[in-house]
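K.L.:
Using the UniProt record's numbering, the first residue of the sequence shown is number 1, and each one after it goes up by one. We treat Cβ as the ideally placed atom computed from N, Cα and C, and that holds for glycine.
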Amino acid sequence: MKPIPLPLSGSCRCGRVEVRLTKPPLATSACHCRGCQKMSSSAYSLTAIMPADGFAVTKGDPVIGGLHGPDVHHYFCGHCMTWMFTKPEGMDWFVNVRPTLFDDTSWFRPFMETYTSAKLPFAETGAVESFETFPEMDRYQGLVKAYAEWAS
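(1) Three-state secondary structure (DSSP) at Trp83?
(2) In the DSSP output, what is Val97 paired with across the bridge?
(3) Taking its Cβ as the centre, do 16 or more other Cβ atoms sit within 10 Å of Leu6, making it buried, or is it exposed?
(4) Apply the 10 Å Cβ neighbour rule to Ala30 and answer buried if 16 or more other Cβ atoms are within range, or exposed otherwise.
(5) Looking at Arg109 and Thr28, is the spacing between their C-beta atoms short of 8 Å?
(6) Mapping the DSSP letters down to three states, classify Gly65 as helix, strand or coil.
(7) Exposed or buried, Glu136, counting other C-beta atoms within 10 Å across all chains shown (16 or more means buried)?
(8) Just checking: is the beta-carbon of Met137 within a distance shorter than 8 Å of some beta-carbon in chain B?
(9) Can you tell me whether Glu132 is buried or exposed? The criterion is at least 16 other CB atoms within 10 Å of its CB, across all chains shown.
(10) Please report the straight-line C-alpha distance between Phe134 and Phe122, rounded to a whole angstrom.
(11) Can you tell me where the beta strand (DSSP E) with Met39 in it begins and where it stops?
(12) What is the rounded straight-line gap between the Cα of Asp53 and the Cα of Leu21?
(13) Determine the DSSP secondary structure at Ser29, reduced to helix, strand or coil.
Next comes the structure, spelled out in structure tokens:
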């Protein structure tokens, strides 16, 4: 796997909102749930699970879109409507960032895939770990450790 060229900069499609990463991800993932399929207009969404203190919006003001519920906040560019990142409520220590926003995407590969129970028959990700839904919370520490070993 190619090392992550930090810091990493990126933007929405129109360039009005820019983001920057200064730390490597805790893990990477592809999600096959129906919500991600609909929001990405694709077979799955891609995610870099980032420590919150290694992620910043450096230009523009993203808006909440997608699911407007109390549990998850999906952030978009208010102009081009690119889905940029997601913040689960009460889990302020990480941000799920769409890795395709970055100028350099050559480092990205999904380590795990979630919601394979909704996976479209043709959709393949090459992920190392697969889960029918989301992994149980007590599995994440081990997954983060396994990702760090795999990514190095």
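P.N.:
From the atom records:
(1) Position 83 of the sequence shown, counting from 1, holds the residue named residue 83. In the three-state DSSP reduction, Trp83 falls in the strand class (E or B).
(2) In the sequence shown, the residue the question calls residue 97 occupies position 97. Per DSSP, the beta-bridge partners of Val97 are Ala48, Phe85.
(3) Against the sequence shown, residue 6 aligns to sequence position 6. By the neighbour-count definition (other C-beta atoms within 10 Å, threshold 16), Leu6 is an exposed residue.
(4) Walking along the sequence shown from the start, residue 30 turns up at place 30. Answer is buried; the Cβ neighbour count reaches 16.
(5) Reading the sequence shown from its first residue, position 28 is the one you call residue 28. Reading the sequence shown from its first residue, position 109 is the one you call residue 109. The Cβ-Cβ distance between Thr28 and Arg109 falls below 8 Å.
(6) For the purposes of this step, residue 65 is taken as the residue at position 65 of the sequence shown. Strand.
(7) Translated into positions along the sequence shown, residue 136 becomes position 136. Classification for Glu136: exposed.
(8) Within the model displayed, chain B is absent; a lone protein chain is all it includes.
(9) Here residue 132 refers to the residue found at position 132 when the sequence shown is read from its first residue. Exposed is the label assigned to Glu132, since fewer than 16 other Cβ atoms lie within 10 Å of its Cβ.
(10) Locating residue 134 in the sequence shown gives position 134, where the first residue counts as 1. Locating residue 122 in the sequence shown gives position 122, where the first residue counts as 1. When rounded, the distance between both Cα atoms is 21 Å.
(11) For the purposes of this step, residue 39 is taken as the residue at position 39 of the sequence shown. Per DSSP, Met39 lies in no beta strand (DSSP E); the unbroken alpha helix (DSSP H) holding it starts and ends at 34-40.
(12) Working through the sequence shown from its first residue, we reach residue 53 at position 53. Working through the sequence shown from its first residue, we reach residue 21 at position 21. C-alpha separation (whole angstroms): 9 Å.
(13) As a first step, residue 29 is located in the sequence shown; it is residue number 29 there, counting from the start. DSSP places Ser29 in strand when its eight states are reduced to three.
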